[in-house]
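Working notes, structure below.
2 protein chains.
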Amino acid sequence: MSTAQETPGGEMQPWAEVTPDAARRLLIAAVEAFAERGYHATTTRDIAGRAGMSPAALYIHYKTKEELLHRISRIGHDKALDIVRTAAAGEGTPAERLSDAVRSFVRWHAGQHTTARVVQYELEALGPDARAEIIGLRRQVDAEVRGIIQDGVATGEFDVPDVPGTTVAVLSLCIDVARWFNVEGPRTPDEVGALYADLVRRMVGFKG
Amino acid sequence: MSTAQETPGGEMQPWAEVTPDAARRLLIAAVEAFAERGYHATTTRDIAGRAGMSPAALYIHYKTKEELLHRISRIGHDKALDIVRTAAAGEGTPAERLSDAVRSFVRWHAGQHTTARVVQYELEALGPDARAEIIGLRRQVDAEVRGIIQDGVATGEFDVPDVPGTTVAVLSLCIDVARWFNVEGPRTPDEVGALYADLVRRMVGFKG
DNA sequence: AGGCACGCTAAGCGACCGCTCACCCTCGGC
DNA sequence: GCCGAGGGTGAGCGGTCGCTTAGCGTGCCT
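Each protein sequence line maps, in turn, to chains A and B. Using full-length UniProt numbering, the first residue of the first sequence is number 1, and each one after it goes up by one. Using full-length UniProt numbering, the first residue of the second sequence is number 1, and each one after it goes up by one.
Okay, here's the thing in structure tokens:
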């Protein structure tokens, strides 16, 4: 669904779908600034400066500062939904699909924690329409994860007394990685993903 | 440790330790405004207006807008640390103490989610000194929870391959309640606390 | 009664915000 | 060689921000 390009190593090149080049540079600068200082504390002058342009250049490619946040949030949520959809549509057992989903979802929130922080924590800065659109995408993410858990309950693999509540908790756990993950810290995104996949297996009562 | 007063029902009256009355009204107004719009998007005029005062009145009781956030964050973290310390110092088994800690910690983050949102998510708006002080308190919270988990591992009650990682995950799970909890939602703070206590028991491999 | 400390307000200062406008440079098509 | 389109800049507008200052009202102490 995404037009982003894969490198030979298979790693996603983020923002590859944003053109032209100047618009992409501005967007990347905005992601960094928003993640560091928050949306409201970031000035358009700061964004343009990081992209090596004058303040006015921003408005050639984006109508407002909020449109920048909207584009970032939309692309990020599309990517997040893509990740869980891919895992949910896999062919393994519910336990395997849930582990896959958690592992890749967490890996993205850790590896791209700069982007994820903006995507997950600056939602309230969006206007009503944009916010509603993003909330719709979040509901789809929730539905995918809940579906996997329900499948596991149906097959008897999982023991989950409260499926909606456990779904919220699992997603909350994964999303909050973006808040605390630190590149200087002791764990790689892969390691956090593996740890969290194990923790979630336990949460759903899977005896593997 | 806190000078806050208990009501006859046993429920804590938040901000009771803030005096005089005008200073407390301003602080409560600031908590609401910061929680709704974020620190940087909140104006001192808005805070003063909510407290029924003129903009200048704020500066009689607080030196700057940042001092307001600092006071809120400090009091909130003191309360959070108090909660986990009380549970950790209890007399039950590690499983009981961990459940107590999670239940009361989550109950606070859900019931006082307005305050908790400010306390947990506006840390970066603080200056370096204030931030360092708060981070110190967070480390103490982390140490309390890690201590309980280690105790459980030592007695063989818990099966936890990665104690520091699991500690981070447990705290992250509890804290993020403040972000998603909604008073209009289907769950009471008590119910979320009970659900989360169960989920955490599973995460540490407790077979109860 | 007089004085004065204190809580508060009206007005406003200087800075900086998001955003606009008039203009410039570069480059491809003819 | 000229033109038009599109990406870029410098300067700056209107507005709002955090915060300050001069002065006012009220109640307590003597």
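The C-beta atom is built at its ideal place from N, Cα and C for all residues, glycine as well. Keep in mind the model is a prediction, meaning the values are calculated, not measured.
Between G76/B, A132/B, P161/B, which lies nearest to G205/B when the distance is taken from Cα to Cα?
Out of G76/B, A132/B, P161/B, P161/B has the C-alpha closest to the C-alpha of G205/B.
If you follow the alpha helix (DSSP H) that W180/A is in, where does it begin and where does it stop?
Counting along the chain, the alpha helix (DSSP H) containing W180/A begins and ends at 177-180.
In this structure, does DSSP put K79/B in helix, strand or coil?
helix
Under three-state DSSP, which class holds M203/B?
DSSP places M203/B in helix when its eight states are reduced to three.
I'd like the span of the alpha helix (DSSP H) that includes H40/B, first residue to last.
From DSSP, H40/B is part of no alpha helix (DSSP H); its letter is neither H nor E.
Please determine, among R103/B, A22/B, G165/B, the residue with the shortest C-alpha to C-alpha distance to C174/B.
R103/B
Alpha carbon to alpha carbon, what distance is there between G208/A and G136/B?
Between G136/B and G208/A, the C-alpha separation is close to 39 Å.
Pull up the distance between the alpha-carbon of A154/A and that of D190/B, whole angstroms please.
28 Å
Decide if R45/A is buried, meaning its Cβ has at least 16 other Cβ atoms within 10 Å, or exposed.
By the neighbour-count criterion, in which a residue is buried when 16 or more other Cβ atoms sit within 10 angstroms of its Cβ, R45/A is exposed.
Expressed to the nearest angstrom, what Euclidean distance is found between the alpha-carbon atoms of D176/B and V177/A?
10 Å
Tell me, please, whether the segment 33-42 of chain A touches the segment 124-133 of chain B by the rule of three or more beta-carbon pairs shorter than 8 Å.
yes
What residues from the segment 170-185 of chain B come within 8 Å of chain A, judged by C-beta to C-beta, listed N to C?
S172, L173, I175, D176, V177, R179, W180
Do the segment 46-55 of chain B and the segment 83-92 of chain B touch if we need at least three Cβ pairs shorter than 8 Å?
no
Using the C-alpha atoms, what's the distance from A169/B back to S73/B?
Roughly 22 Å separates the two Cα atoms.
Going by alpha carbons, who is nearest to E66/B out of V119/B, D198/B, G147/B?
When C-alpha distances from E66/B are compared across V119/B, D198/B, G147/B, the shortest belongs to V119/B.
Taking Y121/B as part of the alpha helix (DSSP H), name the residues at either end of that continuous run.
113-121
Could you spell out where the alpha helix (DSSP H) holding V141/B opens and where it closes?
128-155
Hey, H61/A and L26/A: beta-carbon distance below 9 Å or not?
yes
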